Amino acid sequence: MEHFLNKYKCHVKCVDDTNPISPLQRPRGMSGTAICYKREISSSVTEKSDGSMRINVIKVDVKPKPLLIIGVYMPCRGGIDADRDYREITDELSEIILKYKSSCDIVIAGDTNASTARDKPNSRDKLFLDFIKEHNFYTPNGLGQENTYFHPSGMSSTQIDYILESTPGLVTNFKVLQRHPLNTSQHDPVAGCINVDLDTYNSEPIISNLPPRVKWEKINKEKYQNMVSNKLLEINLEPEKSTYSELSNVTSELCAILDTAARACAPTQKSKSRPKSSRSWSPAINKACKVSKQKFWEWKCDGRPLNLNCMSLINMKEAKKRLRSTQRQHEAMLRKSKYEKIMKAHEGDQQTFYRLIANQRKDGSVQTTCLKVEENLLSTPNDIRNGWADYFEELATPHYNKNSYQNQVELDCLFLEDIFRSEQKSQIIVSEELVSEVICQLKNGKAADSAGICSEHLKYGGKTLVVMLTKLINLIFQSCTLPELFEMGLVSPVFKNKGKPATDPNSYRKITVTSVINKVMEKLHLNDNSTIINKIQNYLQRGFTAGISPIFAAIIITELFAEAKDNKLLLILALLDAQKAFDKLWHSSLLRKSYQIGIEGDKWLMLKAWYNELVSQVKWSGGLSRPFPEKQGVRQGGVWSPTAYKIFINPLLDLLQKNGLGCYIGSIYCGTPTVADDICLASNCPYELQAMLDLQENYALQENYTLSETKSTVLVTGNQDTHEFLLNGSLIQQSETATHLGITRDSKSRFDSSTVVQERISTARRATYAMMGAGLHGINGLNPCVSLHLIRIYIIPRLTYGLEAIRLAAKDLTTINQYYKRLLKQIQHLPDKAADSACYLLLGEPPIKAEIHRRILTTFGNIIRNFDSIEHQLAWRQLATKSKSSNSWFIMVKSILEQYDLPSCYDLLQNPPGKLTWKELVKRTVNSYWDNKLKLEAASKSSLKYVDIDRLSIGKTHLIWSSAGQNTHAITKASIKCRMLLGVYTLQANRHKFNQYEVEPTCPLCKQGPEDRTHFLVQCQHLTSIRQPFIDALSKAIEEMSPGLYQQITSEPNQLTQIILDCSSSHLVLPQFYNRLECISRGLCYALHIARSTALDIHYK
65 MEHFLNKYKC HVKCVDDTNP ISPLQRPRGM SGTAICYKRE ISSSVTEKSD GSMRINVIKV
125 DVKPKPLLII GVYMPCRGGI DADRDYREIT DELSEIILKY KSSCDIVIAG DTNASTARDK
185 PNSRDKLFLD FIKEHNFYTP NGLGQENTYF HPSGMSSTQI DYILESTPGL VTNFKVLQRH
245 PLNTSQHDPV AGCINVDLDT YNSEPIISNL PPRVKWEKIN KEKYQNMVSN KLLEINLEPE
305 KSTYSELSNV TSELCAILDT AARACAPTQK SKSRPKSSRS WSPAINKACK VSKQKFWEWK
365 CDGRPLNLNC MSLINMKEAK KRLRSTQRQH EAMLRKSKYE KIMKAHEGDQ QTFYRLIANQ
425 RKDGSVQTTC LKVEENLLST PNDIRNGWAD YFEELATPHY NKNSYQNQVE LDCLFLEDIF
485 RSEQKSQIIV SEELVSEVIC QLKNGKAADS AGICSEHLKY GGKTLVVMLT KLINLIFQSC
545 TLPELFEMGL VSPVFKNKGK PATDPNSYRK ITVTSVINKV MEKLHLNDNS TIINKIQNYL
605 QRGFTAGISP IFAAIIITEL FAEAKDNKLL LILALLDAQK AFDKLWHSSL LRKSYQIGIE
665 GDKWLMLKAW YNELVSQVKW SGGLSRPFPE KQGVRQGGVW SPTAYKIFIN PLLDLLQKNG
725 LGCYIGSIYC GTPTVADDIC LASNCPYELQ AMLDLQENYA LQENYTLSET KSTVLVTGNQ
785 DTHEFLLNGS LIQQSETATH LGITRDSKSR FDSSTVVQER ISTARRATYA MMGAGLHGIN
845 GLNPCVSLHL IRIYIIPRLT YGLEAIRLAA KDLTTINQYY KRLLKQIQHL PDKAADSACY
905 LLLGEPPIKA EIHRRILTTF GNIIRNFDSI EHQLAWRQLA TKSKSSNSWF IMVKSILEQY
965 DLPSCYDLLQ NPPGKLTWKE LVKRTVNSYW DNKLKLEAAS KSSLKYVDID RLSIGKTHLI
1025 WSSAGQNTHA ITKASIKCRM LLGVYTLQAN RHKFNQYEVE PTCPLCKQGP EDRTHFLVQC
1085 QHLTSIRQPF IDALSKAIEE MSPGLYQQIT SEPNQLTQII LDCSSSHLVL PQFYNRLECI
1145 SRGLCYALHI ARSTALDIHY K
């Protein structure tokens, strides 16, 4: 074997590599995975750090496409957490696949501990099959039903070893090898061939033809404002200049001024003659580098002497030392700056979230290199761009035979335009204050429009720009004509990533960036019409409505399930899929419906201008496609688009309600809970539901959009009778689960949400891996304080999404709590056996159950403030009629309020507190409840005797983490000390406690007394030389604090141990000395840990 491996390089990981226990003390080793490759191809192979200890990844640079090989050893069957562990690894693999799939062919090989060949798949088999289906992986031909694993007892065998490929035909000659007589494993090896060209792969860099993005953080804002103000004085904008061509010219001139001024105020970029270094450079480093080169040159001129007393050698070494020190200081400063930015991020700061993801995925993620349009495979960037243009132009072109209704709609729009043009008078006049207010509402950091303008151009333009924009906007509103520049949109295809192929255009969502100035106009126009729109909007439409959360629609569905369960009624939900709903919206019908709700005159003409003669270009691989017209659809990314779709679909909701079709809860109609284009039809009668489907089908046919019967689904609960439902003349599939608003409902469980928690955990885990790297285990250099902040603002919203709108079974609450608890232990590098209460209190974080309760109560607070909403009516009705045993969401809210001793539901409904008052009350009360509960639990743990429980609290991080900073070594030391503080650092006394008849508690180093924490840290004679320098530093610091105090402390070993493990717990230590003592004790714990591990390794050898 050694002779064989000598020719190979091996990339090896073992499951227990991160276990801090010495390998010689482990009862048995655990398996792992290895990838071996010949040394002669090592220049083409890159070993990747992705994945935890069960996953191994290498990237092979080959033509025509790089190859990613993933070796995996999936968790074994057995144990209560077996399925949970399996899901964790599949989620890690999913993140790695997502990172590399668009740029590499992928092969996964290894022991999957699950089978695709069993007649009756178990839970792990189903997880494995779902994973394969989700990512469109294939099993190469040749395996068949042949078994690869044979149980040692000889009683069973199965197939669990696989090679999976992302592209069919990538792996050839796939087969199970015959077992060699010397093979003592229970597995037969599987093998396959991949035929590739091993020449070094050189990817062609994307050369952008577009102007570079303006970096506003480096712009001189004052200079920019002055330049803009001076240039705007040259524009003569008179009221008579309101023709199409004149407005277009003025708009183009204005945008050119803003773009030119911003680029003129940007720092000049020096030409780069060499590739960018991976290390950052600063003036101080540059100066130190020059000194180092000078000293090296002097040493070289001196004949390169090696005499240690030679001044030229001493000066050269000293200069190199200063250079490295300067580099380390600069990198530490950058690391600190980076984490400060992270700590300043808030829950709505999605830019930071996606920047962190992009940084983690930057090694793998690129755009697809080919696109399949109408059976044509396009491979060059220019062909792909124009292929996108062809695809989107086809999508934006109406294809239907006009009937009498459609002809009448078109004719009505022509009549309306003639009428409003003939009696045109300016109905929309905006003030400078309104324009300035809308500009301030624009978000920073967004993509620039076709003219290169983004929101910062307007925000930093000053008063003069606001005055000019106000005049321009009023002229446009007066003429009801849209300048040419405002008609142009930049389309970015965004990959949906739902297991669909990246080469299929249907796998992408069309997102359009429109003119920023046009967005300001749209906002002003929409605000002016908001009263009319809100007045006619169906009360079951919960999407894009001020003061109303879309999650309200999910609460209505939860109540429908509860009502059906309580009264043992049949409940049928139909979730319909409208194909490309936003992209195929009929403009003429939208304009007609807008007039019918009360939008008239100039307001109507302006709305028509936004949907007339639109043109877009596709932005792809650093270039733009040809322009193409858009004759139907609303732009996803436009300000008016969501509201326009609500106007378009509102008559259908009113029609269903007017005819009384659908479910009622008491006398309250709840038949069509809707969020924008996500409509749910709910009924207690199958014949009534079919009537609702027929109405929906007729409306779609009339309004020129298509409902997909294959993607639509029906969910039936409460009755075993079978019913068939038709849409477009075809049967709609019925399933036991269906997803609406991202929440999966099922027909079997008590609370109709048995799969939601596992889906949320999977989403949260993938988001965690995406930000901090797959296989997060607290050893990636992040301070747990930073990791926790990222978890709070980015992971928790994904983990708890939708949970505030449903009822969870106790089992589901336990599952999500276990995941969150384990995540907090991982970021602190703590084992599972660490006390749960300490895991929360050290970080100042409550259990996830507290967060779920807080979100439920916050949502209820939103309901009680909306007096006229259907949810407010349901709250009064359900609380008045339902018993404690009811499945109602509002009864659950009532019990949560009682749990935290908050005001009753009835008091809150009659006298609702303000938004901020209620949120602050809920936060304070929930945190106080869990703070007391965790402290009581921690006080009962003997392992936490050195932790001052009373000083710990929710919302406050313990000194052990807050003092570690961002230094990687300090964080590593703190993790070791944290284990000692919580009593989970394995000493001989711990081993004796659980193995009394096999292990003696005596210290294996000094053989004097039991090895507990006090003995190890203070008394062990074998470690005196290691301990003494730290003890001296400790005594010096304590004496500075109070002379004679050190003697008082050392008189009692337990007291000194207390100071070392948690100095903040002693009333003798002043707060200003905390960080200093913590730094010393942290170094002491780590030095003793290293010395002990080294000594034991030598001892056992």
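Residues in the sequence shown are numbered consecutively from 65, following this note's numbering. Glycine included, every Cβ here is placed at the ideal spot set by N, Cα and C. Computed from a predicted structure; not experimentally measured.
CA-to-CA distance, residue j to residue i, given in whole angstroms
{"i": "V1011", "j": "K1071", "result": "28 Å"}
{"i": "S653", "j": "R814", "result": "43 Å"}
{"i": "L475", "j": "N446", "result": "41 Å"}
{"i": "L1087", "j": "G1073", "result": "14 Å"}
{"i": "I843", "j": "K507", "result": "Low local confidence applies: a pLDDT of 47 at I843 is under 50, so the model's placement there is unreliable, with the coordinate-based value given in what follows. Each residue's alpha carbon lies about 36 Å from the other."}
{"i": "E664", "j": "W280", "result": "41 Å"}
{"i": "G702", "j": "S613", "result": "20 Å"}
{"i": "E773", "j": "E1001", "result": "54 Å"}
{"i": "L716", "j": "Q760", "result": "7 Å"}
{"i": "S1157", "j": "N247", "result": "35 Å"}
{"i": "K73", "j": "N177", "result": "26 Å"}
{"i": "K112", "j": "V121", "result": "5 Å"}
{"i": "Y874", "j": "P911", "result": "Going by the sequence as given, residue 874 is Ala instead of Tyr. The alpha-carbon atoms of A874 and P911 are separated by roughly 15 Å."}
{"i": "L1152", "j": "Q1085", "result": "12 Å"}
{"i": "S468", "j": "R656", "result": "15 Å"}
{"i": "S933", "j": "I927", "result": "8 Å"}
{"i": "L322", "j": "S293", "result": "10 Å"}
Selected residue, minimal CA-CA separation from residue i, among the options
{"i": "F692", "options": "E551, G611, Q721, D758", "result": "E551"}
{"i": "A939", "options": "D252, S949, V957", "result": "V957"}
{"i": "D568", "options": "V494, S443, C504, Q601", "result": "S443"}
{"i": "E458", "options": "I1095, N1054, K644, K987", "result": "K644"}
{"i": "D189", "options": "I227, R141, S230", "result": "R141"}
{"i": "L522", "options": "N582, R368, E487", "result": "N582"}
{"i": "L634", "options": "I575, T528, H787, K282", "result": "H787"}
{"i": "C849", "options": "L441, C903, A873", "result": "C903"}
{"i": "K629", "options": "V780, M532, P967", "result": "V780"}
{"i": "D114", "options": "T534, S685, Y164", "result": "Y164"}
{"i": "K599", "options": "G662, G724, P130", "result": "G662"}
{"i": "A512", "options": "R277, S705, K184", "result": "R277"}
{"i": "H11", "options": "L274, M835, T212", "result": "Outside the shown range of the chain, which is 65 to 1165, sits residue 11, and nothing can be said about it."}
{"i": "K351", "options": "D225, I321, K384", "result": "K384"}
{"i": "R941", "options": "V124, I620, W345, L398", "result": "I620"}
Neighbourhood of residue i by C-beta distance below 6 Å, restricted to the same chain and skipping five residues each side
{"i": "C1149", "result": "I1040, K1041, M1044"}
{"i": "S817", "result": "I870"}
{"i": "P87", "result": "Bear in mind that the predicted position of P87 carries a pLDDT of just 47, short of 50, making it unreliable; the figure below should be weighed with that in mind. So no residue of the chain qualifies."}
{"i": "M585", "result": "I537"}
Close beta carbons around residue i, own chain, < 7 Å, minus the five adjacent residues each side
{"i": "V437", "result": "G451, D454, Y455, P569"}
Nonlocal neighbours in the same chain, by C-beta distance under 8 Å from residue i, ignoring five residues either side
{"i": "K710", "result": "I597, Q601, Q605, G607, F608, A740"}
For a minimum of 3 consecutive residues, which ranges assigned as the beta strand (DSSP E) are wholly contained in the stretch 335-384? none
For the stretch 771-852, list the beta strand (DSSP E) runs that are entirely contained and at least 3 residues long, ordered along the chain. When DSSP assignments are scanned along the stretch 771-852, the uninterrupted stretches of beta strand (DSSP E) that are 3 or more residues long and fall wholly within it turn out to be 771-781, 801-804, 807-810.
Contiguous alpha helix (DSSP H) assignments of at least 4 residues, all confined to the stretch 612-667: Correct list: 615-631, 651-661.
Check whether the stretch 317-331 and the stretch 356-376 are in contact - that is, three or more C-beta pairs closer than 8 Å. no
Counting pairs of beta carbons, one from the stretch 1107-1120 and one from the stretch 1137-1156, are three or more of them closer than 8 Å? Short answer: they don't touch.
Would the stretch 149-169 and the stretch 124-141 be scored as touching if the rule is three or more Cβ pairs under 8 Å? A contact exists between the stretch 149-169 and the stretch 124-141.
For the stretch 1100-1113 and the stretch 1002-1021, state whether three or more C-beta atom pairs, one from each stretch, are separated by less than 8 Å. The count of Cβ pairs closer than 8 Å, one atom from the stretch 1100-1113 and one from the stretch 1002-1021, stays below three, leaving the stretches out of contact.
Cβ contact check for the stretch 492-512 and the stretch 621-637: 3 or more pairs under 8 Å: no
With contact counted as at least three CB pairs below 8 Å, one residue from each stretch, are the stretch 230-238 and the stretch 254-263 in contact? yes
For the structure I just gave you, are there three or more beta carbon pairs, one from the stretch 120-136 and one from the stretch 173-192, closer than 8 Å? yes
Determine contact between the stretch 533-549 and the stretch 485-502, defined as no fewer than three beta-carbon pairs at a distance below 8 Å. yes
With three or more C-beta pairs closer than 8 Å as the rule, is the stretch 824-834 touching the stretch 152-161? Short answer: they touch.
Contiguous beta strand (DSSP E) assignments of at least 3 residues, all confined to the stretch 543-610: 552-559, 572-577
4-residue-minimum alpha helix (DSSP H) runs that sit fully inside the stretch 998-1083, ordered along the chain: 1023-1026, 1032-1046, 1052-1058
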